[in-house]
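Q: Take a look at the following structure, please.
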Amino acid sequence: MMRVLFNAVLVTLLVGICQGDDEVVASCLGTGGESVNCTAPDNKFCVGPVLAATAENGLSSQEQACSATECAEGAACAECKTADCNVSPAVANYTCSTYSFNTTTSKYDVGAAADDATCWKAVGDHGACKTPGSAAGADNSTLFVTTATCGGCSAADVTANICVTVSSARAAGVALVLPLLAFLLHAFF
Numbered sequence: 237m238m239r240v241l242f243n244a245v246l247v248t249l250l251v252g253i254c255q256g257d258d259e260v261v262a263s264c265l266g267t268g269g270e271s272v273n274c275t276a277p278d279n280k281f282c283v284g285p286v287l288a289a290t291a292e293n294g295l296s297s298q299e300q301a302c303s304a305t306e307c308a309e310g311a312a313c314a315e316c317k318t319a320d321c322n323v324s325p326a327v328a329n330y331t332c333s334t335y336s337f338n339t340t341t342s343k344y345d346v347g348a349a350a351d352d353a354t355c356w357k358a359v360g361d362h363g364a365c366k367t368p369g370s371a372a373g374a375d376n377s378t379l380f381v382t383t384a385t386c387g388g389c390s391a392a393d394v395t396a397n398i399c400v401t402v403s404s405a406r407a408a409g410v411a412l413v414l415p416l417l418a419f420l421l422h423a424f425f
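For the sequence shown, my numbering assigns the number 237 to the initial residue and increments by one for each residue that follows.
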């Protein structure tokens, strides 16, 4: 009886040691989104890109792959631990207006439509754009050029009235309405 109990305990310990918490992933999505078999040691995690609002295609540079390690802290990467779980997020592009500081008026002027920045958002989400706030001066101009206008303003810039976050739908609407309003005013007055 004692020998049977000893063997049962020994088997349980050996199984626990062999299994541990080293779960493995059988397959992950690879480059191009095709399922690939994972082999040791690269069979602990599936990794893939995350949304990158200013990247050329809207995704971080992380490739879809099998991995031995989790994503590094702060990395533009997502990891998961189930088969083929590393699906790239669905993204859509939108535009944000750019602005230049006018030294004569000490205010920001909206850039030409041709200078609008192409930004990226998750499908189904509203895109956010930065616009100059009432306290924005020439020293804040880097916030309102090229793809720097993509995304929301920092809390500190909002509190200081340097920056205002608007929906990309509103930003596009303003860019379309202002020229129309100027035309109508010019035509009738």
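Glycine residues also receive a C-beta, built at the ideal position from the N, C-alpha and C atoms.
In terms of DSSP beta bridges, what is G284 paired with?
A: A314
Q: Quick one: grab the DSSP three-state call for A358.
A: strand
Q: With A392 as the anchor, note down where its alpha helix (DSSP H) starts and where it stops.
A: 391 to 395
Q: Buried or exposed for S374, going by 16 or more other Cβ atoms inside 10 Å?
A: It should be pointed out that residue 374 corresponds to Ala in this sequence rather than to Ser. A374 comes out exposed.
Q: What is the residue span of the beta strand (DSSP E) that S271 lies within?
A: 271 to 273
Q: Using only the alpha-carbon positions, how far apart do N338 and D393 sit?
A: 20 Å
Q: Mapping the DSSP letters down to three states, classify S296 as helix, strand or coil.
A: coil
Q: For C464, which residues from the same chain have a beta carbon less than 6 Å from its beta carbon, with the 5 sequence-adjacent residues on both sides left out?
A: The shown model of the chain, from 237 to 425, leaves out residue 464, and the question about it has no answer.
Q: Specify the secondary structure class of D257 as computed by DSSP and reduced to three states.
A: Here D257 scores only 49 on pLDDT, less than 50, and its place in the model should not be relied on; the value that follows carries that caveat. Coil.
Q: Checking 9 Å against the spacing of the C-beta atoms, do E299 and C307 come in under that value?
A: no
Q: From which residue to which residue does the beta strand (DSSP E) around L265 run?
A: 263 to 265
Q: Should V283 be labelled buried (16 or more other beta-carbon atoms within 10 Å of its own) or exposed?
A: buried
Q: Are three or more beta carbon pairs between the segment 339 to 347 and the segment 316 to 325 nearer than 8 Å?
A: no
Q: Is the CB-CB distance between V327 and Y335 below 9 Å?
A: no
Q: Round the Cβ separation of Y330 and G363 to the nearest angstrom and send it over; I've been treating them as touching at under 8 Å.
A: Between Y330 and G363 the beta-carbon gap is near 4 Å, inside 8 Å, which marks them as a contact.
Q: Measuring only the C-alpha atoms, how far is C355 from A396?
A: 25 Å
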